[in-house]
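Novice:
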Amino acid sequence: MPKNNLRKVLLEAVEEGFSSLGDSPKRAIFFHLESSFGIGKDNIPANLTEFSKALEKIFGPGASYLEKLIAERFYKKLGLELEETEEWNFLEYVNNVEKRLLLKRET
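Numbers 399 to 505, taken from the working numbering, label the letters of the sequence shown in order.
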């Protein structure tokens, strides 16, 4: 899968994850990400570290729940099963997708 398509799927997963909180909260989160952290909606896939840090500042300990929800949706959209690992953070889940897709392509 081309990297641009992967980013698009990730952005869709972010949108769906935020939508689970409701439409108004979703819009508020996107607004806050852009106005307070300089992360525009379309730039999230290219700024995952900053995105994750921003979610932690916005939601505190609750950020991990939202990140896991986004990761679950991301994996599902790609036809992959999310294997939960306590030690992994959001970035490691996303990086694992890229590795698994690469391995899948090679076999």
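The beta-carbon is built from N, C-alpha and C at its ideal position, and this holds for glycine as well.
On a predicted model such as this, the values are computed, not experimentally measured, just so you know.
Unbroken beta strand (DSSP E) runs of length 3 or more, entirely within the stretch 452-477: which are they?
Specialist: You should have found no qualifying run.
Novice: Can you tell me which of 465, 477, 437, 443 puts its alpha carbon nearest to the alpha carbon of residue 484?
Specialist: Comparing Cα-Cα distances from residue 484 to each of 465, 477, 437, 443, the minimum goes to 465.
Novice: Using 10 angstroms around the beta-carbon of residue 429, count the other beta-carbons present and answer buried if the total reaches 16, otherwise exposed.
Specialist: Answer is exposed; the Cβ neighbour count stays below 16.
Novice: Would residue 476 and residue 495 qualify as a contact pair, given that the criterion is a beta-carbon distance under 8 Å?
Specialist: Yes, they are a contact pair.
Novice: Would you call residue 453 buried or exposed, if buried means 16 or more other Cβ atoms sit within 10 Å of its Cβ?
Specialist: Under this definition residue 453 is a buried residue.
Novice: Using only alpha-carbon positions, find the residue among 487, 407, 480, 474 that is nearest to residue 450.
Specialist: Of 487, 407, 480, 474, the residue nearest in Cα terms is 487.
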